[in-house]
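Visitor:
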Amino acid sequence: MSGLIATSKASEHPSLASILLTGAARGRREAQQDAVALRTPLPLPCRVLVAPLGRGCGATTLALQLTAIISRARGLPALLLSGSSGPRSAADRVRGSRTWPPPGSGAAGTPRVPDPDDDPPGDPDTWPQGVPRVSTTAQARELAGTGPDGLMSCLRLPPLNGTETATAQWTGARRALARFFDLVLTETDPLPLATLGAMALVHDVVVLVCPARREDVERGRQRADGLRSGLAGTPCPAHVLHVVVATTANPLVPPLAPGEHMIAFDRRLEGAATGRTTPPGLVGPRAARDMTHLAADVVASCARRVTHRDPAVPAPGSRTTPYREAL
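Just so we're aligned, residue 922 is where the sequence shown starts under my numbering, counting upward by one.
Dropping the structure here:
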């Protein structure tokens, strides 16, 4: 009877009904917690790697949304390093994106003297010929461009798929520009585990993205566990998140485990991924809530790690993992 009474009273008060029937009170509390986490002060740039575990799983769209959510919530500049080879890479979708190495600079980098801002420290920097050294934020924004929101900069890189040349050019861009941005997020093609582990050494958070299909989720969990195990012997290892993206409505997936996130299906995001909408429209409330919660987890994980890391890790010669050989 008490349940019937509660339901009856709730029907007279729509706001109360929403709390009882949809968990709105908990939703508001979680939204407030996410807002606080997103604005956590960071003494060093937040370095995030978004890597798909297969083709067409929405990793590029997720990388764009994470960059936008974090930069706008914090009101600070973000750099998106676009290294995917698909026809709709992040650089294709962000107006004002630039190309790295800059046109006319020469594709090859030239070794320079050690720079105190390098990571790992003491490694020679790699800088394209003909490009002046960057010493101010204005110079960095000029090289990286600025999107319509005035916060997001995006660089088009050669596809990051594990080749030595592409990795070297990504390293040069990151070392040259990262210090001038609050967030540096890299999106890649699917990567071999060794390359993924090597890149994870210079990131605070690694986001592994798979589609919401049972077999893909299980394979994604194995890859995430393998990456965590490989990083376990390194000082202050990157935090690994496994993100399951629903590419169809009502997917059948196993229950989420700790360190996993689910992004609900949204036709607006589906359109962004296939090119049917340019730019994507407003994201639906459920997908927006999922991505905001993921963004908050990313920033909170960065905050926990940067308080324990030096500006550059690991030190040269600290061969604690075979991943060190791959970068």
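The C-beta atom is built at its ideal place from N, Cα and C for all residues, glycine as well.
Assign Thr-1057 to one of two classes, buried (16 or more other C-beta atoms within 10 Å of its C-beta) or exposed (fewer than that).
Guide: For the purposes of this step, residue 1057 is taken as the residue at position 136 of the sequence shown. So Thr-1057 ends up on the exposed side.
Visitor: Rounded to whole angstroms, what's the CA-CA distance from Thr-988 to Gly-1004? Just pull it up for me.
Guide: If you number the sequence shown from 1, residue 988 lands on position 67. If you number the sequence shown from 1, residue 1004 lands on position 83. Going by the C-alpha atoms only, they are around 15 Å apart.
Visitor: Have a look at Arg-1226, Val-1127 and Val-1015 and flag the residue whose alpha-carbon is nearest the alpha-carbon of Gly-1066.
Guide: Start at 1 with the first residue of the sequence shown, and residue 1066 comes out as number 145. If we check each option's Cα against that of Gly-1066, Val-1015 comes out closest.
Visitor: What beta strand (DSSP E) runs, 3 residues minimum, are completely inside the segment 1058-1145?
Guide: You should have 1073-1077, 1104-1109 and 1126-1132.
Visitor: Comparing C-alpha positions only, which one of Pro-1179, Arg-1225, Asp-1187 and Val-1227 sits nearest to Gln-986?
Guide: Locating residue 986 in the sequence shown gives position 65, where the first residue counts as 1. Taking only the C-alpha atoms, the option nearest Gln-986 is Asp-1187.
Visitor: Using CA atoms only, rank isn't needed, just tell me which of Leu-983, Leu-1081 and Cys-978 is closest to Val-1138.
Guide: Locating residue 1138 in the sequence shown gives position 217, where the first residue counts as 1. Selected option, being the one with the closest Cα: Cys-978.
Visitor: For the beta strand (DSSP E) containing Ala-874, list its first residue and its last residue.
Guide: Not covered by the structure: residue 874. The range shown for the chain is 922 to 1248.
Visitor: Would you tell me roughly how many angstroms separate the C-alpha atoms of Arg-949 and Val-957, rounded to the nearest one?
Guide: As a position in the sequence shown, residue 949 is number 28, starting the count at 1. As a position in the sequence shown, residue 957 is number 36, starting the count at 1. If you take the alpha carbons of Arg-949 and Val-957, they lie about 12 Å apart.
Visitor: Whose CA, out of Pro-964, Ala-1167, Pro-1113 and Pro-1175, lies closest to the CA of Ala-1185?
Guide: On the sequence shown, residue 1185 is found 264 positions in, with the first residue counted as 1. With distances taken between Cα atoms, Ala-1185 lies closest to Ala-1167.
Visitor: Taking Cβ positions, are Leu-1162 and Arg-1135 nearer each other than 8 Å?
Guide: What you label residue 1162 is simply residue 241 of the sequence shown in a count that begins at 1. What you label residue 1135 is simply residue 214 of the sequence shown in a count that begins at 1. Result no, Cβ atoms of Leu-1162 and Arg-1135 do not sit closer than 8 Å.
Visitor: Over the uninterrupted beta strand (DSSP E) stretch that includes Ala-1001, give me the two end residues.
Guide: On the sequence shown, position 80 is the one that residue 1001 refers to. Contrary to the premise, residue 1001 reads as Leu rather than Ala in this sequence. That run of the beta strand (DSSP E) goes 999-1004.
Visitor: I'd like to know whether the C-beta atoms of Pro-1179 and Ser-1074 end up nearer to each other than 8 Å.
Guide: Position 258 of the sequence shown, counting from 1, holds the residue named residue 1179. Position 153 of the sequence shown, counting from 1, holds the residue named residue 1074. No.
Visitor: Specify whether the segment 1123-1134 and the segment 1077-1084 touch according to this definition: at least 3 beta carbon pairs, one from each stretch, less than 8 Å apart.
Guide: no
Visitor: Taking the CB atoms as reference points, tell me whether Gly-1017 and Pro-1069 lie closer together than 8 Å.
Guide: As a working mapping, residue 1017 is identified with position 96 in the sequence shown. As a working mapping, residue 1069 is identified with position 148 in the sequence shown. Contact flag set, yes.
Visitor: Check whether the Cβ atoms of Leu-1129 and Leu-974 lie closer than 8 Å to each other.
Guide: Counting from 1 along the sequence shown, the entry for residue 1129 is found at position 208. Counting from 1 along the sequence shown, the entry for residue 974 is found at position 53. Result yes, Cβ atoms of Leu-1129 and Leu-974 sit closer than 8 Å.
Visitor: Count the C-beta pairs between the segment 1093-1106 and the segment 1150-1161 that are closer than 8 Å, then say yes if the count reaches three, no if not.
Guide: no
Visitor: How long is the line joining the alpha carbons of Pro-1024 and Gln-1090, rounded to whole angstroms?
Guide: The residue you call residue 1024 lines up with position 103 of the sequence shown. The residue you call residue 1090 lines up with position 169 of the sequence shown. If I take the Cα positions, the gap works out to 13 Å.
Visitor: Rounded to whole angstroms, what is the Cα-Cα separation between Leu-1248 and His-1160?
Guide: Looking up residue 1248 in the sequence shown gives position 327. Looking up residue 1160 in the sequence shown gives position 239. Caution is warranted here: a pLDDT of 38 is assigned to Leu-1248, below 50, making its placement in the model unreliable, and no coordinate value can be reported.
Visitor: Quick check: the Cα distance between Thr-1088 and Gly-1147, rounded to an integer number of angstroms?
Guide: Position 167 of the sequence shown, counted from the start, is the residue given in the question as residue 1088. Position 226 of the sequence shown, counted from the start, is the residue given in the question as residue 1147. Looking at the two C-alpha atoms, the distance is approximately 21 Å.
Visitor: Could you tell me if Ala-1059 is buried or exposed, where buried requires 16 or more neighbouring beta carbons within 10 angstroms of its beta carbon?
Guide: In the sequence shown, counting from the first residue as 1, residue 1059 sits at position 138. Its Cβ having fewer than 16 others within 10 Å, Ala-1059 is exposed.
Visitor: Under 8 Å, do Glu-951 and Ala-1011 count as touching if we go by C-beta distance?
Guide: Walking along the sequence shown from the start, residue 951 turns up at place 30. Walking along the sequence shown from the start, residue 1011 turns up at place 90. No; because the gap between Cβ atoms is not below 8 Å, this pair is not in contact.
Visitor: Start and end of the alpha helix (DSSP H) containing Val-1227?
Guide: Along the sequence shown, one-based indexing puts residue 1227 at 306. It spans 1206-1227 - the alpha helix (DSSP H) in which Val-1227 sits, taken as one unbroken run.
Visitor: Take the Cβ of Thr-1242 as the centre, count every other Cβ of all protein chains shown within 10 Å, and call the residue buried at 16 or more, exposed below.
Guide: As a working note, residue 1242 is residue 321 in the sequence shown. Only weak support exists for where Thr-1242 lies, its pLDDT of 35 falling under 50; the value from the coordinates is given anyway. Thr-1242 comes out buried.
Visitor: Whole angstroms is fine: what's the gap from Val-1227's alpha carbon to Leu-970's?
Guide: Looking up residue 1227 in the sequence shown gives position 306. Looking up residue 970 in the sequence shown gives position 49. Approximately 15 Å, taken between the alpha carbons.
Visitor: CB-CB under 7 Å to Pro-1175, same chain, minus the five flanking residues each way: which ones, in chain order?
Guide: Translated into the one-based positions of the sequence shown, residue 1175 becomes position 254. Correct list, in chain order: Arg-1135 and Val-1138.
Visitor: With DSSP as the reference, label Thr-1169 as helix, strand or coil.
Guide: As a first step, residue 1169 must be located in the sequence shown, where it is residue number 248. Of the three classes helix, strand and coil, the one that applies to Thr-1169 here is coil, per DSSP.
Visitor: Would you kindly work out how many angstroms separate the C-alpha atoms of Arg-1095 and Ala-1133, rounded to a whole number?
Guide: Counting from 1 along the sequence shown, the entry for residue 1095 is found at position 174. Counting from 1 along the sequence shown, the entry for residue 1133 is found at position 212. Each residue's alpha carbon lies about 31 Å from the other.
Visitor: Between which residues of its own chain and Ser-1006 is the CB-CB distance below 6 Å, once the five residues before and five after are set aside?
Guide: If you number the sequence shown from 1, residue 1006 lands on position 85. Cβ neighbours of Ser-1006 beyond the five flanking positions: Pro-1080 and Asp-1110.
Visitor: Which word fits His-1229, buried or exposed, when buried means at least 16 other C-beta atoms lie within 10 angstroms of its C-beta?
Guide: Reading the sequence shown from its first residue, position 308 is the one you call residue 1229. Flag for His-1229 reads exposed.
Visitor: Find out if the Cβ-Cβ distance for the pair Leu-1104, Pro-966 is shorter than 8 Å.
Guide: Here the question's residue 1104 lines up with position 183 in the sequence shown. Here the question's residue 966 lines up with position 45 in the sequence shown. Contact: yes.
Visitor: According to DSSP, which residues form a beta bridge with Arg-1019?
Guide: For this step, residue 1019 is matched to residue 98 along the sequence shown. Per DSSP, Leu-1076.
Visitor: Suppose contacts are defined by Cβ-Cβ distances below 8 Å. Is Leu-1072 in contact with Arg-960 by that definition?
Guide: For the purposes of this step, residue 1072 is taken as the residue at position 151 of the sequence shown. For the purposes of this step, residue 960 is taken as the residue at position 39 of the sequence shown. No, Cβ-Cβ distance for Leu-1072 and Arg-960 is not below 8 Å.
Visitor: Since Leu-1215 and Val-1164 should fall inside the 8 Å C-beta cutoff, what is the C-beta to C-beta distance between them, to a whole number of angstroms?
Guide: Position 294 of the sequence shown, counted from the first residue, corresponds to residue 1215. Position 243 of the sequence shown, counted from the first residue, corresponds to residue 1164. Taking 8 Å as the upper bound for CB-CB distance, Leu-1215 and Val-1164 are in contact here, some 6 Å apart.
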